[in-house]
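Following this note's numbering, the numbering of the sequence shown begins with 206 at its first residue and continues without gaps.
The beta-carbon is built from N, C-alpha and C at its ideal position, and this holds for glycine as well.
Note that the structure is a prediction, hence the values are computed from the model and not measured.
These notes concern the structure reproduced below.
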Amino acid sequence: WDHDCGYDGVSLEESLAIASQYPGAFSVQITKDKKDFSIHLDSSISAKHGGNGSTLAGFDIQSVGKQLAYILRAETKFKNWKKNKTAAGISVTFLGENIATGLKVEDQLLIGKRLGLVASTGAVRAQGDVAYGANVELRFREKDFPISQDVSTLGLSLMRWRSDLALGANLQSQFSVGRNSKMAVRVGLNNKLSGQLTVRTSTSEQLHIALLGILPLAVSIYRSVWSGESY
Numbered sequence: 206w207d208h209d210c211g212y213d214g215v216s217l218e219e220s221l222a223i224a225s226q227y228p229g230a231f232s233v234q235i236t237k238d239k240k241d242f243s244i245h246l247d248s249s250i251s252a253k254h255g256g257n258g259s260t261l262a263g264f265d266i267q268s269v270g271k272q273l274a275y276i277l278r279a280e281t282k283f284k285n286w287k288k289n290k291t292a293a294g295i296s297v298t299f300l301g302e303n304i305a306t307g308l309k310v311e312d313q314l315l316i317g318k319r320l321g322l323v324a325s326t327g328a329v330r331a332q333g334d335v336a337y338g339a340n341v342e343l344r345f346r347e348k349d350f351p352i353s354q355d356v357s358t359l360g361l362s363l364m365r366w367r368s369d370l371a372l373g374a375n376l377q378s379q380f381s382v383g384r385n386s387k388m389a390v391r392v393g394l395n396n397k398l399s400g401q402l403t404v405r406t407s408t409s410e411q412l413h414i415a416l417l418g419i420l421p422l423a424v425s426i427y428r429s430v431w432s433g434e435s436y
């Protein structure tokens, strides 16, 4: 007699206020099949500093292979001026006998009503090695945002680890197609001349949903027929 149990899982989410003034939240997801057991826990508590700042502290647990990673993190955000926000965060990860520490600083600047600049830098240290990273992102949105969700983003990233240097650039645009449909296009390229092109569409019209469901099936059939003719 062979019994096959495919997949079991449970998840729980809860939000609460500690001492009626410190918002907290946690979510836990446990999954198990015949071979693997995994757990994912996110928990956090936050506190405000007047009207211009806040601090968040969190504790997470994640399954990494057959081990559990324990993550302590903290982040502080504050508003310098009306159109400028700064955030700084640290994290400590325990995985077996290894300890990884991380630091990140981010600054957001709103230029006018339609243009935003986000710059961040950080470092991660583990087993005596340090990896550095930096990212700059320029966001352009429509005049009637957030009524209109049309947004374009240009990003540049840099990462250095030992003697390796990775540079990347990506362009992402989200725009409306008609009254009930949206499309998002993302193009990415790195210094090794490899890239990625992603196109996503969404619609609330039933006919469009049916056509979008048929399109991947038609492409799959075309590929199978084309590959069959090649032999």
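Look at the alpha carbon of residue i and the alpha carbon of residue j, and state the distance between them as a whole number of angstroms.
i, j, result
"E434", "I426", "A caution first: E434 carries a pLDDT of 49, below 50, which makes its placement in the model unreliable, though a value can still be read off. Those two C-alpha atoms are separated by around 12 Å."
"R405", "N395", "21 Å"
"N257", "N340", "25 Å"
"L370", "A336", "10 Å"
"K282", "Q377", "26 Å"
"V382", "S357", "15 Å"
"T403", "S362", "18 Å"
"A374", "A324", "14 Å"
"Q401", "L359", "15 Å"
"G301", "M388", "43 Å"
"D247", "A305", "18 Å"
"S268", "N385", "40 Å"
"L217", "Q234", "6 Å"
"T408", "V390", "15 Å"
"E280", "K318", "27 Å"
"F345", "L322", "9 Å"
"D238", "K287", "51 Å"
"R365", "S296", "19 Å"
"G307", "Q379", "32 Å"
"T291", "K240", "44 Å"
Can you tell me where the beta strand (DSSP E) holding residue i begins and where it ends?
i, result
"G400", "400-408"
"S325", "320-331"
"N303", "303-316"
"N285", "272-286"
"Q234", "227-237"
"A293", "289-300"
"N375", "369-382"
"N395", "386-395"
"G263", "258-269"
"E342", "334-346"
"K253", "242-254"
"S224", "Going by the sequence as given, residue 224 is Ala instead of Ser. Looking at the DSSP string, A224 is not in any beta strand (DSSP E), and its letter there is neither H nor E."
So is residue i buried or exposed if we call it buried at 16+ other beta carbons inside 10 Å?
i, result
"G263", "buried"
"G270", "exposed"
"G214", "exposed"
"K397", "exposed"
"T298", "buried"
"S220", "exposed"
My assumption, with CB atoms under 8 Å, is that residue i sits in contact with residue j. Please give the rounded CB distance.
i, j, result
"G327", "V310", "7 Å"
"R278", "G294", "7 Å"
"I266", "I250", "Their Cβ separation, rounded to whole angstroms, is 16 Å, which puts I266 and I250 out of contact at 8 Å."
"L314", "N289", "5 Å"
"D355", "E342", "At roughly 17 Å, the Cβ-Cβ gap does not stay under 8 Å, so D355 and E342 are not in contact."
Does the ligand SAH have even one heavy atom less than 6 Å from the beta-carbon of residue i?
i, result
"G307", "By its list of ligands, the structure shown contains no ligand whatsoever, and the ligand SAH lies outside what it can speak to."
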